[in-house]
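If you want my numbering, it's the 1-based position in the sequence shown plus 276.
The C-beta atom is built at its ideal place from N, Cα and C for all residues, glycine as well.
A short worksheet on the structure shown next.
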Amino acid sequence: MRHILYLIIPLFTITSCTNSIPQAPDSNGFGPYEGQSVYLGDQEYVDTFKKLDAAWAARDYETMKSMIMDGGTFNFEDGTSVTTGEAFVTKVEQEYQNSVANSEEWGWKTDYAFAAYPNGALEVDVANQKGQWVNAQFTSQDATYIEWYQFLDGKLITWYQAKGAYVFE
């Protein structure tokens, strides 16, 4: 029995040591800055996106404004650029009212969303390394939209929207 214990104790020690070595995540791309790689992000950022998307769909502008950092950069597909939550929701409401006036359906289906983040730039204070980014695609009655959301501490700090022709399946 004693001989078995002498074999088992070192085996547990070796196993526990090998499992505690942290592994760096695998990069799945590269960024625009020297030394920068891109990694898959965290679910919490996708959840933050989903909260903002739900508020947008419900036209819950107070929730939207609370999630948008003033002083950010927010670019709509039509070339409109705004920097505050108030201006962002004003533009969204304008788009909604235009769709109502034109008897167009307002709304979308969220096709996918995933989080990613760049890291490791030699210049450490680059803007795209703050927080994480969520990429999402939407389809509406007339178009396909692809958007990038940069979140930091639960707030949207950068947003880009692109619109393409609706792709029928």
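For residue i, count neighbouring Cβ atoms within 10 angstroms of its own Cβ and tell me buried if that reaches 16, exposed if not.
| i | result |
| --- | --- |
| residue 410 | buried |
| residue 432 | buried |
| residue 301 | exposed |
| residue 399 | exposed |
| residue 338 | exposed |
| residue 330 | exposed |
| residue 321 | buried |
| residue 414 | buried |
| residue 306 | exposed |
| residue 440 | exposed |
| residue 383 | exposed |
Excluding five sequence neighbours on each side, which residues of the same chain lie with their C-beta closer than 6 Å to the C-beta of residue i?
| i | result |
| --- | --- |
| residue 364 | 344, 350 and 358 |
| residue 328 | 343 |
| residue 417 | 381 |
With the cut-off set at 9 Å, would you say residue i and residue j are in Cβ contact?
| i | j | result |
| --- | --- | --- |
| residue 434 | residue 425 | yes |
| residue 412 | residue 436 | no |
| residue 353 | residue 438 | yes |
| residue 396 | residue 428 | no |
| residue 430 | residue 360 | no |
If residue i and residue j are in contact, beta carbons under 8 Å, what's the gap, nearest whole angstrom?
| i | j | result |
| --- | --- | --- |
| residue 341 | residue 362 | 6 Å |
| residue 319 | residue 394 | Going by Cβ atoms, the distance from residue 319 to residue 394 rounds to 18 Å, so no, they are not a contact pair. |
| residue 392 | residue 315 | 7 Å |
Output yes if chain C places a C-beta closer than 9 Å to the C-beta of residue i; else output no.
| i | result |
| --- | --- |
| residue 429 | Annotation note: the requested chain C is absent from the structure, which comprises a single protein chain. |
Next on the checklist: Going residue by residue through the region 316-401, where are the continuous beta strand (DSSP E) segments of at least 3 residues, counting only ones entirely within it?
Outcome noted: Here the runs fully enclosed are 344-351 and 385-395.
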